[in-house]
Structure formats: C-alpha cells, structure tokens
Amino acid sequence: MILVWLIIILMSGGILAWICGYFLTHLSKWIALVSCLISLIITGRLWFDLYNRIDLQNQTGWLMEFSVPWIKPLGITFHLALDGLSLTLLLLTFFLGLAAILCSWREITSKQPFFYFNLVWVLAGITGVFLAMDLFLFYFFWEVMLIPMYFMISIWGSERRIYSSYKFFLFTQASGLLMLLAIITLYFIHAHTSGYYTFDYDQLLTSSLKSNYSLFIAIGFFIAFTVKLPLFPFHTWLPDAHSEAPTAGSVILAGLMLKTGAYGLIRFVLPLFPTEAIQISDWALMLGVISILYGALQAFGQTDLKRLIAYTSVSHMGFIVLGVFSFNELALQGVVLQMITHGISTAALFILAGFLKERLHTRDINQMGGLWSLAPQMGSIGLLFAMASCGLPVLGNFIAEFLILLGAFQLHPVYTSIASIGLILSAIYSVRMMQKVFFGEVQNDHVTFHDFNSREKTIMALLTIAIVFVGLYPQPFINMLQPSIKSSLKLQTEIKNSNSNEISPQKGSIIHHK
Amino acid sequence: MTEQLAWLIPVLPLIGFLINGLGYKKNPKGLVGLVGCATVLGSFILSILVFFDIKANGAKTIDLYEWISVGTLKIPFSFLIDQLTSIMLLIITGVGFLIHVYSTGYMHDDEGYGKYFAYLNLFVFFMLLLVLGSNYVIMFIGWEGVGLCSYLLIGFWFKKTEYANAAKKAFVMNRIGDLGFLIGIFMLFSTFGSISYADIFPQAQTASTAVLTTITLLLFVGAMGKSAQLPLYTWLPDAMAGPTPVSALIHAATMVTAGIYMIARSNILYVLSPISMAVVAGIGLATAIFAAVIALTQNDIKKVLAYSTVSQLGYMFLGLGVGAFTGAFFHVMTHAFFKALLFLGAGSVIHAMGGEQDMRQMGGLKKHLPITWFTMLMGTLAIAGIPPFSGFFSKDEILAHAFEVSPTIWAIGVGGALLTAFYMFRMFFLTFNGKFRGTEEQHHHLHESPASMTIPLIVLAVLSVFGGFVGVPEALHGSHLLNEYLSPVFGQSTQILNAAHHGHLSHETEYALMGASVLGVLISIFYAYTVYVRKEVVPAAETAPRSGLEKASYNKFYIDEIYNAVFTRPLDSLSQLFYRILDKSIIDGVVNGFGQLTQWSADKFRRIQTGYIGNYLFMMVVGIILILVFNFLF
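Same order as they appear, the protein sequences are chains A and B. Those letters in the first sequence? Residues 4 to 517, by the working numbering. Those letters in the second sequence? Residues 23 to 656, by the working numbering.
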C-alpha cells in the first residue's frame, strides 16, 4: 500500500499546490517541497528496512507488491511492485526532485502554482513508471510524465521554447505510440498462445513467447526506450529540449526522464525478449558506441552551456546501451550506477548552468570566463562535477563507467576499446568548459557577480555528498541492485550457456576465471 | 605498527586538503602553511616508521574496506606496503615536505596561498594512494587524481590564457595515456580474473606471451603519458606554467615517476614479454636523446630543466627496459633529490629576478645568491654524473646494464649523458657566471631567498651529494644497500632475466665504462665552460636566424605544431562538421521535414472542408460508386 501512497502523495500534492497557489502564491512551492520530501523520507525508510532483506544469492521476487484488478474484462490490473532496482531509482527520483524544486525557488516567477503542479506530476509519472508492473499501467504513467514536462518547457522555457517543446513532444509521443503498438501486439499474441488476456508483467514474463512478430515487438520497445535515452540518431530532441527548458526541467529531463529509457531496457527488453535482444545486440552496441563518441565530439563544439551539457548526456547514455547489450552482470551493475551518478552529476551541472544564467542572463560560454576569481565556491563545484562528468575516480561516475567498460570488454573488446576513446573526448569537453566558464580573465561587466547563497550552497552540498559517497562506497547500491540485475540477465545467461559457441567471444580462450 | 597506522599516511594530507580547502577564506596564512607542512611531515615520520617495520618484517597488506564487489570482481580498498612502496613513501613525503616548506616562502605573497596548499596536499594524498594501492584500480585512482592536481596546479594562475591552455593540454594528454592503462586493466581482468597484484603476479607465467605483450604495452601507454615519454611528452615542458615548487614536486620528483613505479611494480609481467622490454628501452632511449637535444638550445631556465626531466625519465625507462629495475628505481630516487633541488634553485633565482625566467637576462648571480649558487652547483654536478655525486651511481648502473644488453645502446646512452652535462652547465654558467644582463631594476632587487627556501635547498643538496652511497656498485667495493632491500620485489624477474641471457660484466669492463663516461662528461663540461664562461657567449635573441639542427631544436622539432595540425584542429572541425551537417541538416532536416509535411498536407486537406453541401454530396456519390466498383471487380 505504501507504493500507492507514494503516487497519491505526489499527485495530490501537485493538485494542492496548484489550488493553494491561487490563494497564496508562495504556498505552492512549499507544498511541492513538502510532498517531495515526504516521498523521499518514505523511500529512505523503505531502503533501510528492506536492505537487510535482500538475499544476495537468490532472487526472491518483489520486495513489495500491490495489485488490484482495474479493468477486468481487458485483463488490466493496477499492479505496482518494488525491487532493488526500482527502489534505488525512486530514491534518485525524489532526491533530484528535491533539488529541482529548490533550484526553481527564485528562478520561476510567473504562474508558480501551475509550474509546481507540473513539476510534482512529472515526478509522480516517473514514480509510476518505475513501479508499474502492468504494461497498460506503465504506458499510462509514461504519458503522465510526458505531458507536464511538455508544459514546463513550452511555458517556462527560454526563447525557442515552442519549437523545442513540440520537438520533444513529437519524438517522445511517436516513439510512445510505437511502444503502445508493441504492447498491444504482445497482449494479443500472449492471449493467443495462453488463452487469456493480460497486461501483467509477471505473467507475460513466465509465458514463453515464440512468435514471428516477437522481433518486431522487441524493436518497438527498443526504439521507444532508446528515443527517450536518447541514442544516436534519435537524439536531436534532447539538446533543444534541455537548453530551452527551465533549470528544473533540465534537471528532471537529464536526471530522471532519460533514465526511464534505460530502466525500460533493463526491465522489459532484456527479460521479455531475451533471444531478440541478442539478435539486435550488434546494432545496439554499434549505436551505443557511436553515441558515446558522437555526443562527446558534439559537446566540445558547443558554445551554449546547456546544449553542451546536453550532448554530454548523449555520450553518457551511449555507455548505458553498451552496458545493457553486453548482457553481463558487471556491465549491468555499471549501467544502473551510471543512471544514478549521471543523474546526480548532470543535474548538478544543469543547476549550475541555471545559476550562471540567473546571474549573467546568458548561456553563451564565450561571454563567461574568469568566474573562479569572483566565485571560487562556484568554480570548485563546477570543477568537481566537470570531473565527475569525465569519470574521475573517487567520484561515482568513474565506478559506473569503469564497470560498464570492464564488463563489456570481456565480451566485446573491440567495441569497448573504441568506446573508451570517449573518455579522452570527455576530458576535452570538461576542461574546455572549465576554461571557458571559470578560467581566464574576468570580463568587465561581471564584476558584481556573487558566489553561492545559502540555498544554492545547500543544493550543491547535497549533490556533492551524494556523488562522493557513491564513488567511495558503492557497495550498498550494488548489493541492493544485485537480485534485480541477476533476474534481468537470467534468460540471457541461459541462452548463452546453451549455445556458447555462437555468442561467446573469441577472447574466451584466455579467460580463466577462478 | 604498520597495520594500525599506515592508513594515516595518505589520510593526513587529505585532512590538510580539507582544512585548507574548506577554510580557504578564513584561515590565516600562518595556519595554512602550518597545516600544509605539518600533515606531510606527519606522513613522513610515519613513513620512516613503516620503512623500518618493512625492513624488519617484510611486506604487508592492509585491508581497509570492501570497495567494489560484483560477481567475480573484487576490488578491496587495501594497501600493499612492500619495499618498493616504502621507498616511494619516503621520497614522496620527504621531498614533498621540503617542497611544502619551501612553498611557504615562495608563495607567501600570492593571493591564492590557501588554495595552493590545498591543492598541494591533495596531490600528496593521491600520489600516496598511487603507490600504496594493492591493486591496479587503486593505483588508477591515484594516477588520475595526481593528473587532476597537476592540471589544477599548472593552471594555478589561470587568468593567463596560455597557462590555462598548458593545464588543459597536460590533462588531455595524460588522459590519452590513462586510456591505455585502463584498457590494460580490463585485459588483466579478463586474463587473470582479478586486478590485485597478489593474484596476478603469481599467475603471470600462465598467460601467453602475446597476451602479456598486449597488456604490458597498454600499461606502458599509460606510463608514457604520465612520465612524459615520446610521443606523449609535450605537456611536460608546457607544465612549467605552474608555480616553480609545483614543477619541482609534481613535474620532476614524484608524479612523473609514477610510470616508472608502475612498470617496476609490474616487473614480472614485463620480464615475461621481451618485446615490451625492448619497446620500453627503445622509447626510453629515444626520449632521453631527443629531449636532451631540445634542451641544448632552450633559454628559459625552467624549460631547460623540464626537457632535462623528460630526458632523465627516458634513462629510467631505458633502465627498466634493459632489466635494471633497481637501477631505474635508484635513478628515480637520486633524480628526485637533484631535480627537486635544481627546480627549487631555479625558483630561488626566479624569485630574486622578480619573475624573470629567461637566462639571457641573468648572469653573474653567484655573488648575489651564494647559497642558491652553491646548492645548484651540487645539483648540476649530480645530474651531470660526476663521481661521487648521487647521479653518477644511478646513471652508471643503468648504463652498465644497457651495455650487457648491447654496447650500442650504451654508447647512445653515454652520448645523451654528454649532452646532459653540456646543457646543464650551459644553464648553470649562463645563470651564475659572467656579468648581469638584466634591467637596472632587477639588479637592484636581487637578494638571497629567505631561510624557508634556502634550508630545503641545503637539505636536498646534501641528499644529492651523498644519496648515491646507498647503491655503490660491487666493482667499487661498495655494498648495494638498495639492491638488497629491493630484492624481494625484483628477485623473481632478475632470476628469469639471468636465466635468459645476461652474463655479468667483469670489474675491468665496468671500470672502463665508468672511466669512458666520466671522461666524456668532463670534456663536455669543459666545452660548456669555454663557450659560456671564457668566451661569454650569450644565446641569440628570439628572432635571430638559426640554421639546420639548431633551428629545429630551438623550435622543439615543431612537434606541437604537428600535433595541432594532425589532431587538435581536425577534431575541432569534425565536431563542427557533424553538428552542422549531421545533426542540424540531416537528422533535424528529416524531423522538421516530417513536421512540414504534416503542415503542408493539413493545409491541402483543409481545403476539402469547403462547407458546401453540394461538394460533400458529390464526394459521397463518388465514394459509393468506388465501393460498388470494387465490390464488382473483386
């Protein structure tokens, strides 16, 4: 029941924020903050309660579950369930949600009640996506998170907001429709073979699905999730959406919404279509590697700070695809850690870009420079997260990318070696960003520039602690995630073992695991 | 003792970093300097205790906590303190402490005093982590961490764009090397199923030579980046943009020797791969000569020292490549003493000259800076390889091993040593002898540096003079203490090498080799003396015409320009090209095309909605007829 409460709290919090905001504008942000904080506390409690119940050796099903029939004739249930993966992602959702609300505190001045309504509803949608275990319900939440985000960009965005929000909407909607098509086909095929209609994840999972259409269904899901991720060549909505969105919008987009794509791959594509996933894996790996290099290469040509950060996301999401389609425990652990750490570090960079824009009224890095001298705290934090972004050890992102590459290397040494060139490119764009924004001479018109205030400092301190913590002590997350990851990979591992000659790498001869 | 306290060795500087980093605004200068120096001193004292403990009781592994554990991958956060590590600890914390003390004087008037000490302490922390780690991943943390600190300290005066550029270059170039290292780690894991030294080294002989060669060459790419070897060396001369004590600590004594440490640590892997050994020796030798040739014509005092560092690092790699692991490591140690001394001495000169680094503006500083003069003379003699100064013993050991492998390598190596002696004395004479060539104002300002700076110089001078006695060769009736101490680390490799080919040199041959190289060096110094003291030649101005090799050397063989044209600019253009053509034109073109198609078709279809009943009826009739026709036909 707690799972339902999470969604109810957020949805009603959003509505309350909207209504109360009409009476007292400032109330809306407080309501948003409180509802997000309550969700965070609940999830935190759940984490500590459930952590000890995780069985590292055997997957024992869901940690928590809630299921009631919803539309019985169609076999639709209101089925929410929680495992280590969703719990970890929920923690991230509310943590970043909090940061998003706090960083909008001053930035958003017009139509505040509606803004906070949208913000909280996006969070509710994301929560639903991470919890829904009924494909119909999943699709429902997938749409719930999309529409408020469209409003956030189109109402509170900057100059080119209309174009960007349309683009965002159409890309996501078109790919969403593809997913809907895939879901419905899956539904009918399952009904055809098993004799009853259901959208339920667990039941779809247990039935062995053999059909000529299953490859197309898998591709439908794959495209829907990779557009969201985004993977090259479906990525062009992202730089536009990110750069035009208000800071909170960018934070949620980059920190959370992209992760729903990755989540979809792990939760649905791998377990539901194990054979098909292997069939498309070559393409996926190739696109993943292209994304890594292409995104990074784009990033260092950009002059718009937010656009630059957006392209770095394309690059980092490429690592996710590389990891997911390596079907390897190490890599998949890395993928989920990448979701967490990229969420934190990119959110921090976007928030920083937001702070800079509030002060300088520009996102053009050529008009910045020398800001470290004026705002050393801001400079240090910028440095920290720029370094996180290029995968410096001690910060969480390193562990994620290291595990992905290490895992992927065992099977695809060539792809992985090419992909790791991305680490050089990421160093280039990170230091270029530092240099353009913080180093060099101070420009005259910036002399009144001021460093962090206490609210900003709080946000950044939280994010910094989080990224360093994951970097130094990732083991709790790894333990929490392990059962989910093992079960996602279960079928792949079986397939691989059964015909190991075809799929296992040429390198196999030199692997002597102890 | 080691088990309980060793974790403090890196943690103390980390605490120093946190105190100075978080309190950069409030901490008074005295406190900053005290915290900065005291933490490193604390680590030094602990390192001494650890040294004796290891000497008495042998190597120790200290597990701190389980860092990452996924499936078969276990990466404990643990330290391995053996003989190799304990010496590195002494060098890092000892030389590091002296340089911290020196910095309190050198950086005293800088506005970024607190920031400086914070970075310096952070550097020491990462450097210690690098040598303490018990597996390759911990080493990699330290490896990247020192790279970051180096980046921050090179760009310490970031207001100057060229300094910031130098920092950027160092970071990116190091990253290229790090990539090799990283892929090497991946391969180690897929070959041995572990990343811990303790698991890998005993199994080394089970792997095939081809695999080992690949792994060791990949690791060596990492070493090339960090230790500034061909072709990844160009960042190091530019790194001189940082404050001079930083050049001494990071870009001479410690960080740049990380590559040597890494190969020395993995010695067993290298020994089993003759190709890698040859590559290491070849690159080392080539770098040693190449950098020495460039150093001949440089006029910036720090640039001379920088190229000299690149060249000396080359010697160390040569040593590793010919199997002189102890010798290479011995040279790491003596080089740390005399190069730190030379850099700090140069710093003292620059300090006195009010920031001037061009030797053409100096001259005759001997009488103004007597302590600096004398200590630098000691350092110069040491690097030139005059017995019994420390550099002689370590360089001699490397060259003697090189002779065992091939007399040609020895001859080229000695050739490099002659160049070294020449350019070092060129620098020394141009700076301290002759008449003062700077401005009147600079002349007026000349003064010896404060005690905080001269005391570290004196200590380092003592070490540079006597430091060689820990490794006196058998031929000179000495006992090689260092060799004995390090034998547990290199023992197995030495056995394999000896079994393979190496015979021992006879004492007579050794005397002849030493005699030849010392004689050559003396002639080289005498030549420098004739040119720069007797004839008082001053290097030509920037714009003066130069010819042939001199021009090429003066312009550093145009390597930077070539890299720029081959890598940097194409990459930028590629980025622009992709953005304009692929993203904006093709992908967005398709996307916007769909949008426009929709709008266009909507516009056309809209016209059907005319509102006239007649039109609708007409369409309806047409529709019915079509349906009927279809029904009849099919």
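Heads up, the beta-carbon is just placed ideally off N, CA and C, and yes, glycines get one too.
Burial check for residue 599/B: the Cβ neighbour count within 10 Å stays below 16, so the residue is exposed. When C-beta atoms of the stretch 332 to 344 of chain A are compared with those of the stretch 400 to 419 of chain A, three or more pairs fall below 8 Å, so the two segments count as touching. Residue 80/A sits in a strand when the DSSP states are folded into three classes. About 6 Å separates the beta carbon of residue 50/A from that of residue 90/A, a gap short enough to meet the 8 Å contact definition.
With respect to chain A, the C-beta atom of residue 167/B has a partner C-beta closer than 8 Å. With a cutoff of 8 Å on beta-carbon distance, residue 13/A and residue 84/A are scored as not near each other. In this structure, residue 344/B sits away from residue 310/B, with a CB-CB distance that is not shorter than 8 Å. For chain A, the residues of the stretch 583 to 601 of chain B that bring a beta carbon within less than 8 Å of one of its beta carbons are 593, 594, 596, 597, 598, 600 and 601, in chain order. The continuous alpha helix (DSSP H) containing residue 371/B extends over residues 347 to 374. Excluding residues up to 5 positions away in sequence, 406, 410, 481, 484, 485 and 488 lie with their Cβ nearer than 8 Å to the Cβ of residue 336/A in the same chain.
If you check each beta-carbon in the stretch 184 to 210 of chain B against every beta-carbon of chain A, the ones closer than 7 Å belong to 186, 190, 193, 194, 197, 198, 201, 204, 205 and 208. In this structure, the CA atom of residue 411/B is about 36 Å from the CA atom of residue 83/B. Apart from sequence neighbours up to five positions away, the residues of its chain that approach residue 180/B with a beta-carbon distance below 6 Å are 186, ordered along the chain. Taking C-beta atoms as the reference points, residue 498/A and residue 274/A fail to come closer than 8 Å. Counting only Cβ-Cβ distances below 9 Å, residue 172/B has no contacts in chain A at all, with the closest Cβ about 12 Å away.
Within the model, the alpha-carbon separation for residue 74/A versus residue 645/B is close to 39 Å.
At a cut-off of 8 Å, the C-beta of residue 272/A has no neighbouring C-beta in chain B.
For residue 92/B, a Cβ of chain A is located within less than 8 Å of the residue's own Cβ. Per the Cβ contact rule, the stretch 456 to 465 of chain B is not in contact with the stretch 333 to 340 of chain B (fewer than 3 Cβ pairs under 8 Å). Residue 256/A is not a Cβ neighbour of residue 238/A, given a cutoff of 8 Å.
Taking a beta-carbon distance threshold of 8 Å, residue 170/A counts as an interface residue toward chain B. At least 8 Å separates the beta-carbon of residue 200/A from that of residue 138/A.
Note on geometry: alpha-carbon atoms of residue 536/B and residue 434/B lie some 15 Å from one another. Ranking 34/A, 56/A and 142/A by CA distance to the CA of residue 81/A puts 142/A first. When C-beta distances to chain B are compared with 8 Å, the residues of the stretch 326 to 337 of chain A below that value are 332, 333 and 336, in chain order.
Distance from the CA of residue 158/B to the CA of residue 207/B, rounded to the nearest whole angstrom, comes to 7 Å. Excluding residues up to 5 positions away in sequence, 80, 81, 104 and 105 lie with their Cβ nearer than 8 Å to the Cβ of residue 510/B in the same chain. The stretch 58 to 73 of chain B makes contact with the stretch 106 to 123 of chain B; the number of CB pairs closer than 8 Å reaches 3 or more. At a cut-off of 8 Å between beta carbons, residue 152/B makes no contact with chain A.
Interface with chain B (8 Å Cβ-Cβ cutoff): residue 323/A is excluded. Among the residues facing chain A, residue 181/B is included, as its CB has a counterpart in that chain under 8 Å away.
Burial check for residue 196/B: the Cβ neighbour count within 10 Å reaches 16 or more, so the residue is buried. In the DSSP assignment, residue 423/A falls outside any alpha helix (DSSP H), carrying neither H nor E. The beta carbon of residue 193/B sits closer than 6 Å to the beta carbons of 173 from its chain, once the five residues preceding and following it are set aside; these are given in chain order.
For residue 88/B, the enclosing beta strand (DSSP E) begins and ends at 82 to 92.
Taking C-alpha positions only, residue 573/B is separated from residue 319/B by approximately 9 Å.
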